[in-house]
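4 protein chains.
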Amino acid sequence: NRPFVLLAGPCAIEGEERVLRIAEKVKEITERLEIPYVFKSSYDKANRSSIESFRGPGLEKGLKILQKVKDKFDLPVISDIHTIGQAESAAEVLDIMQIPAFLSRQTDLVVAAGKTGRVINVKKGQFLAPWDIEQVVKKIESTGNEKILLTERGVSFGYNNLVVDMRSFPIMRDTGYPVVFDATHSVQLPGGAGDSSAGERKFVPYLTRAAVGAGVDALFMEVHDEPSKALCDGPNMVSLEDLEELLIKAKAIDEIVKDI
Amino acid sequence: NRPFVLLAGPCAIEGEERVLRIAEKVKEITERLEIPYVFKSSYDKANRSSIESFRGPGLEKGLKILQKVKDKFDLPVISDIHTIGQAESAAEVLDIMQIPAFLSRQTDLVVAAGKTGRVINVKKGQFLAPWDIEQVVKKIESTGNEKILLTERGVSFGYNNLVVDMRSFPIMRDTGYPVVFDATHSVQLPGGAGDSSAGERKFVPYLTRAAVGAGVDALFMEVHDEPSKALCDGPNMVSLEDLEELLIKAKAIDEIVKDI
Amino acid sequence: NRPFVLLAGPCAIEGEERVLRIAEKVKEITERLEIPYVFKSSYDKANRSSIESFRGPGLEKGLKILQKVKDKFDLPVISDIHTIGQAESAAEVLDIMQIPAFLSRQTDLVVAAGKTGRVINVKKGQFLAPWDIEQVVKKIESTGNEKILLTERGVSFGYNNLVVDMRSFPIMRDTGYPVVFDATHSVQLPGGAGDSSAGERKFVPYLTRAAVGAGVDALFMEVHDEPSKALCDGPNMVSLEDLEELLIKAKAIDEIVKDI
Amino acid sequence: NRPFVLLAGPCAIEGEERVLRIAEKVKEITERLEIPYVFKSSYDKANRSSIESFRGPGLEKGLKILQKVKDKFDLPVISDIHTIGQAESAAEVLDIMQIPAFLSRQTDLVVAAGKTGRVINVKKGQFLAPWDIEQVVKKIESTGNEKILLTERGVSFGYNNLVVDMRSFPIMRDTGYPVVFDATHSVQLPGGAGDSSAGERKFVPYLTRAAVGAGVDALFMEVHDEPSKALCDGPNMVSLEDLEELLIKAKAIDEIVKDI
Chain A
490 NRPFVLLAGP CAIEGEERVL RIAEKVKEIT ERLEIPYVFK SSYDKANRSS
540 IESFRGPGLE KGLKILQKVK DKFDLPVISD IHTIGQAESA AEVLDIMQIP
590 AFLSRQTDLV VAAGKTGRVI NVKKGQFLAP WDIEQVVKKI ESTGNEKILL
640 TERGVSFGYN NLVVDMRSFP IMRDTGYPVV FDATHSVQLP GGAGDSSAGE
690 RKFVPYLTRA AVGAGVDALF MEVHDEPSKA LCDGPNMVSL EDLEELLIKA
740 KAIDEIVKDI
Chain B
490 NRPFVLLAGP CAIEGEERVL RIAEKVKEIT ERLEIPYVFK SSYDKANRSS
540 IESFRGPGLE KGLKILQKVK DKFDLPVISD IHTIGQAESA AEVLDIMQIP
590 AFLSRQTDLV VAAGKTGRVI NVKKGQFLAP WDIEQVVKKI ESTGNEKILL
640 TERGVSFGYN NLVVDMRSFP IMRDTGYPVV FDATHSVQLP GGAGDSSAGE
690 RKFVPYLTRA AVGAGVDALF MEVHDEPSKA LCDGPNMVSL EDLEELLIKA
740 KAIDEIVKDI
Chain C
490 NRPFVLLAGP CAIEGEERVL RIAEKVKEIT ERLEIPYVFK SSYDKANRSS
540 IESFRGPGLE KGLKILQKVK DKFDLPVISD IHTIGQAESA AEVLDIMQIP
590 AFLSRQTDLV VAAGKTGRVI NVKKGQFLAP WDIEQVVKKI ESTGNEKILL
640 TERGVSFGYN NLVVDMRSFP IMRDTGYPVV FDATHSVQLP GGAGDSSAGE
690 RKFVPYLTRA AVGAGVDALF MEVHDEPSKA LCDGPNMVSL EDLEELLIKA
740 KAIDEIVKDI
Chain D
490 NRPFVLLAGP CAIEGEERVL RIAEKVKEIT ERLEIPYVFK SSYDKANRSS
540 IESFRGPGLE KGLKILQKVK DKFDLPVISD IHTIGQAESA AEVLDIMQIP
590 AFLSRQTDLV VAAGKTGRVI NVKKGQFLAP WDIEQVVKKI ESTGNEKILL
640 TERGVSFGYN NLVVDMRSFP IMRDTGYPVV FDATHSVQLP GGAGDSSAGE
690 RKFVPYLTRA AVGAGVDALF MEVHDEPSKA LCDGPNMVSL EDLEELLIKA
740 KAIDEIVKDI
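Chains as they are written, first to last, in the numbering used here: chain A, 490 to 749; chain B, 490 to 749; chain C, 490 to 749; chain D, 490 to 749.
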């Protein structure tokens with residue numbers, strides 16, 4: 490029954506300067522609110538809808554920028570890997586290694602991540618039931634690694650739509666591991682914009698408060714200083730301007746739910 | 490931005506004594522917590538899965554018992570109508586007239602209810618999108634009645650399952666009318682027990698806190714002194730023993746969400 | 490293993506002249522193709538999305554027109570009832586009495602229909618699993634009536650969309666009763682046009698051939714001489730011009746599936 | 490408008506002897522029925538539910554066995570790749586290279602496959618709408634490869650269930666590429682057996698006839714001489730004993746649909 494942790498940052502590493510600016514700003518907000526904070530950003534967007542989409546700086550450059558975030562702001566960092574080959578290098582920098590939702594059933598990837606000994610955050614696939622995550626957990630546990638986070642990011646609901654089933658948090662927590670709510674991917678309308686996913690940022694505060702009301706151990710959220718200019722996931726990212734108010738309410742609800 | 494109202498009582502009017510006992514107990518709890526309370530119970534379960542299911546005492550007897558609840562405890566009451574013919578008699582007793590979810594698209598029923606001038610609570614059909622409710626609202630408004638409540642009770646999600654889409658509250662409130670969360674029907678597994686609907690009472694607290702976190706104007710909840718012996722909807726009704734704790738948390742979250 | 494029967498006609502009784510014209514034309518086509526034919530049309534559209542929608546001529550006038558179809562063309566007729574009170578008069582004219590999908594769980598309506606002794610065609614609710622229909626069957630059987638048809642018309646799939654699960658035909662036929670595919674309501678996009686349901690007529694031939702391939706006992710189809718001017722369900726009705734070609738293919742597939 | 494092609498074989502390469510036996514038997518049946526045949530089997534099951542599941546012989550051994558099938562029976566072969574690194578070696582043996590459904594959005598994998606110049610069969614992810622496949626097609630076309638097949642294998646429908654939307658065939662064919670129906674994965678109940686996917690083999694004939702009725706260019710089907718002993722996907726594979734009857738009906742329906 491500890492207060493929630495925030496995993497947040499821009500969808501993709503768009504450039505060192507921007508990444509450092511966002512990390513600094515979110516650190517400042519979370520310190521003020523006494524919310525433990527892990528910086529998040531991706532070095533490669535490997536599964537975009539379209540071949541034309543922005544991909545990011547790649548593994549090597551990306552990890553260097555993430556290392557700078559760690560050094561400069563003394564923050565732990567989380568990022569996602571997409572191939573087995575990335576696990577080892579990524580483990581040298583990342584505190585939390587994330588398995589993307591589409592890849593949550595790829596045994597070798599999950600096992601390679603587990604073997605690094607890092608904390609593993611699995612995003613539950615949009616095609617999985619909450620109880621299906623137990624098999625993913627067992628794959629990671631088979632490596633001896635029991636530092637696992639389980640993230641809800643919405644489940645397929647008809648075409649080009651996701652729905653967040655709030656029952657998934659207690660069901661996934663029955664595995665014994667902490668559960669995370671991904672507030673910004675959950676408002677995606679996958680493929681909803683033809684050659685990219687649309688998103689409904691306006692629902693982020695509602696779903697965030699709802700998930701914290703249901704009970705979560707961490708909040709995952711993509712944030713940006715200028716979402717409308719972001720190179721990926723702009724339509725669903727939260728503006729830095731709105732972050733503090735969102736977190737204040739979430740923290741207050743969290744304290745009620747957990748009797749803190 | 491007013492505190493939520495509670496609409497609660499046993500699924501069906503099983504007998505006068507039990508109804509009065511439950512009304513008294515819930516009134517006592519809600520007075521202590523300063524939550525406005527409307528007593529709910531049904532005189533006829535007209536759409537049970539099975540022909541063998543308990544139906545209730547019928548319109549005439551049922552309304553008499555509801556009138557006793559009003560007289561004895563000075564409580565407003567809500568119940569549902571299933572045919573046009575019931576609207577007029579029901580309006581003599583009911584403060585809020587409810588349209589069942591399966592019947593939410595039946596124009597004549599909705600219009601007949603609207604014409605009584607009572608407050609109308611429409612349960613959104615399991616087959617409707619949140620924005621579809623606007624057309625139902627217009628049917629009621631066509632009678633000159635603008636006292637309308639809109640209830641989320643879960644939407645079809647595959648077979649024998651419902652999911653609560655927390656986005657539905659802000660979407661339905663865009664009509665300008667208050668929104669209600671039906672916490673106990675939302676955990677039904679429709680048809681899940683073969684000849685009746687199964688239910689997962691254990692999820693009621695999670696979904697209730699989530700919905701209040703998202704933001705609702707009222708909570709609807711079926712409660713019983715002995716759910717395991719209830720003649721309908723036992724698997725999803727909340728035990729009177731657990732009600733107070735549930736409401737305390739809900740009220741605290743509600744106050745944060747609404748800055749009360 | 491008998492060839493499929495066709496249940497077809499305009500969505501609503503728009504007027505006597507048009508109804509007779511359509512009946513005559515479909516009779517001519519089905520006689521040429523040796524397909525048993527039942528004329529279908531509704532006298533009241535009781536559950537339209539919008540209060541503004543066309544409703545039809547009502548019970549009394551509507552039944553008179555249906556009687557003319559019977560007299561003039563020696564055709565059996567099918568239509569739907571919406572209230573218990575309609576069952577008795579409707580039974581004097583209708584050969585098959587239909588329970589609308591939204592009303593398929595209303596016990597009293599189903600029982601009232603069953604008691605008339607007419608063949609009862611139940612449209613499976615968009616919110617029901619195929620195996621849920623067994624409980625509806627039992628309600629009708631409780632009246633001693635065992636002349637039952639079970640219709641698939643699509644199941645809720647996300648918002649404003651339906652999907653036809655072809656597994657539903659063998660599952661529903663396990664009840665021992667014939668199964669019907671409603672080819673035109675299955676391509677509705679419910680509520681998809683804001684104040685009315687949109688529809689995708691272009692998919693009717695694909696779904697019809699698919700359903701006949703899976704195996705059905707009857708096809709239900711709304712047809713019109715000028716769908717673009719129809720007063721209801723225009724976007725999904727089949728044009729009379731296209732009917733014959735559709736039926737020729739369906740009949741040929743049916744004969745293969747059933748080894749006729 | 491050419492007759493459908495059959496892509497079939499055991500789920501996994503369980504051993505050389507069995508693979509050759511099945512290939513020989515299916516070849517014999519398809520030659521008799523004059524159905525073009527491509528042998529299918531997987532050398533690695535990379536995304537099983539459970540860490541305990543059978544994986545197969547791996548890339549090198551598996552390709553050798555597939556090469557024997559080609560040499561001995563003069564059959565083209567199809568198999569799936571799971572990492573970019575496999576594309577080149579696999580291309581030396583495979584005639585059709587398949588992208589697994591869960592991986593259908595992984596840009597690098599799809600591009601690597603496209604670059605081999607082989608025919609690429611993309612299984613549409615259970616989380617994609619039929620029109621979303623156009624973006625996958627563009628990724629492959631970006632490599633200059635325009636030999637593409639698009640496979641429907643069911644879409645997420647609630648938890649642990651898939652539904653086949655027969656509209657997906659005409660929608661996907663609008664891209665200009667042939668469409669395939671995967672008849673055996675479509676009857677999976679993903680995760681339905683806890684640590685593996687359950688399956689409902691009994692529905693394969695219904696869905697196959699339905700899909701051919703809707704109109705497909707190829708049928709994909711996993712077959713086995715002893716499905717109950719199979720090391721993967723036993724519950725949904727078709728027994729060799731039942732294959733011929735299934736294909737006879739499918740071929741007859743196909744000829745009607747395509748006016749062959």
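Just so it is clear, CB atoms sit at the ideal spot from N, CA and C, and this is done for glycine as well.
Source: prediction; values computed, not measured.
Minimum Cβ-Cβ distance from residue i to chain D less than 8 Å
| i | result |
| --- | --- |
| residue 662 (chain C) | no |
| residue 621 (chain A) | yes |
| residue 490 (chain A) | no |
| residue 643 (chain B) | no |
| residue 575 (chain A) | no |
Anticipated Cβ contact below 8 Å, residue i with residue j, distance rounded
| i | j | result |
| --- | --- | --- |
| residue 543 (chain D) | residue 550 (chain D) | 14 Å between Cβ atoms; not a contact. |
| residue 669 (chain C) | residue 725 (chain C) | Residue 669 (chain C) to residue 725 (chain C), Cβ: 16 Å. No contact. |
| residue 658 (chain D) | residue 641 (chain D) | 7 Å |
| residue 567 (chain A) | residue 584 (chain A) | 7 Å |
| residue 515 (chain A) | residue 526 (chain A) | 6 Å |
| residue 667 (chain B) | residue 699 (chain B) | Residue 667 (chain B) to residue 699 (chain B), Cβ: 18 Å. No contact. |
| residue 714 (chain A) | residue 510 (chain A) | 6 Å |
| residue 564 (chain A) | residue 740 (chain A) | About 19 Å; that fails the 8 Å criterion. |
Own chain, CB closer than 8 Å to residue i, minus 5 neighbours either side, in chain order
| i | result |
| --- | --- |
| residue 580 (chain A) | 586, 605, 606 and 607 |
| residue 711 (chain D) | 497, 498, 499, 500, 529, 673, 674, 722, 725, 726 and 727 |
| residue 628 (chain B) | 596, 599, 600 and 603 |
Min CB distance residue i to chain B below 8 Å
| i | result |
| --- | --- |
| residue 659 (chain A) | yes |
| residue 605 (chain C) | no |
| residue 653 (chain A) | yes |
Residues near residue i by beta carbon distance below 6 Å, same chain, minus five either side
| i | result |
| --- | --- |
| residue 716 (chain D) | 723, 726 and 728 |
| residue 552 (chain C) | 582 |
| residue 636 (chain C) | 608 |
| residue 694 (chain D) | 735 |
| residue 569 (chain D) | 531, 587 and 589 |
| residue 747 (chain A) | 490 |
Sequence-distant residues of its chain with Cβ nearer than 7 Å to residue i (five each side left out)
| i | result |
| --- | --- |
| residue 614 (chain D) | 590, 591, 593 and 594 |
| residue 616 (chain D) | 645 |
Cutoff 8 Å: residue i Cβ touching any chain A Cβ
| i | result |
| --- | --- |
| residue 596 (chain D) | yes |
| residue 646 (chain B) | yes |
| residue 650 (chain C) | yes |
| residue 615 (chain D) | yes |
| residue 633 (chain B) | no |
| residue 514 (chain D) | no |
Residues that residue i contacts on chain F, provided the C-beta gap is smaller than 8 Å
| i | result |
| --- | --- |
| residue 738 (chain B) | Note that chain F does not occur in the displayed structure, where the protein chains are A, B, C and D. |
Residue-chain proximity (residue i, chain C), Cβ-Cβ < 8 Å
| i | result |
| --- | --- |
| residue 742 (chain D) | yes |
| residue 701 (chain D) | yes |
| residue 591 (chain B) | yes |
| residue 537 (chain B) | yes |
Counting only runs that start and end within the segment 597–674 of chain A, where is the alpha helix (DSSP H) found for 4 or more residues in a row?
Runs found: 622–630 and 657–662.
Quick check on the DSSP output: what are the complete alpha helix (DSSP H) runs of length 4 or more inside the segment 501–537 of chain C, in order along the chain?
Along the length of the segment 501–537 of chain C, whole alpha helix (DSSP H) runs at least 4 residues long occupy 505–522, reported in chain order.
Using Cβ-Cβ distances below 7 Å, what residues of the segment 664–696 of chain A are close to chain B?
So the list reads 692, 695 and 696, given in the order they occur along the chain.
When Cβ atoms are compared, which residues of the segment 542–565 of chain D fall closer than 8 Å to chain C?
Using a CB distance below 8 Å, no part of the segment 542–565 of chain D faces chain C.
What runs of the alpha helix (DSSP H), each 4 residues or longer, lie entirely inside the segment 545–596 of chain A?
Qualifying alpha helix (DSSP H) stretches, in chain order: 548–562 and 575–582.
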